[in-house]
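Residue numbers (the working numbering): 88 to 138.
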């Protein structure tokens with residue numbers, strides 16, 4: 088995915104994790120989407136935001 092930040096492009100990709108077993112319907116529906124920087128500019132941008 089790409090986001091325009093006033094002349095800069097923030098690029099990220101995502102991964103979706105699924106938890107649970109076939110016997111646990113509640114946990115089977117749980118999904119977590121995590122975003123990762125796809126280039127150096129995006130990595131540096133996120134590092135600047137973190138404490």
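Ideal placement from N, C-alpha and C gives every residue a C-beta, glycine not left out.
Rounded to whole angstroms, how far is the Cβ of residue i from the Cβ of residue j, which I believe are closer than 8 Å?
i	j	result
residue 135	residue 121	About 19 Å; that fails the 8 Å criterion.
residue 137	residue 98	Not a contact, Cβ separation roughly 18 Å.
In this structure, does DSSP put residue i in helix, strand or coil?
i	result
residue 91	strand
residue 87	Since the first and last residues shown for the chain are 88 and 138, residue 87 lies out of range.
- Jot down the residue ranges of each uninterrupted alpha helix (DSSP H) in the region 97 to 126, minimum 4 residues, whole runs only, in chain order. 112 to 115
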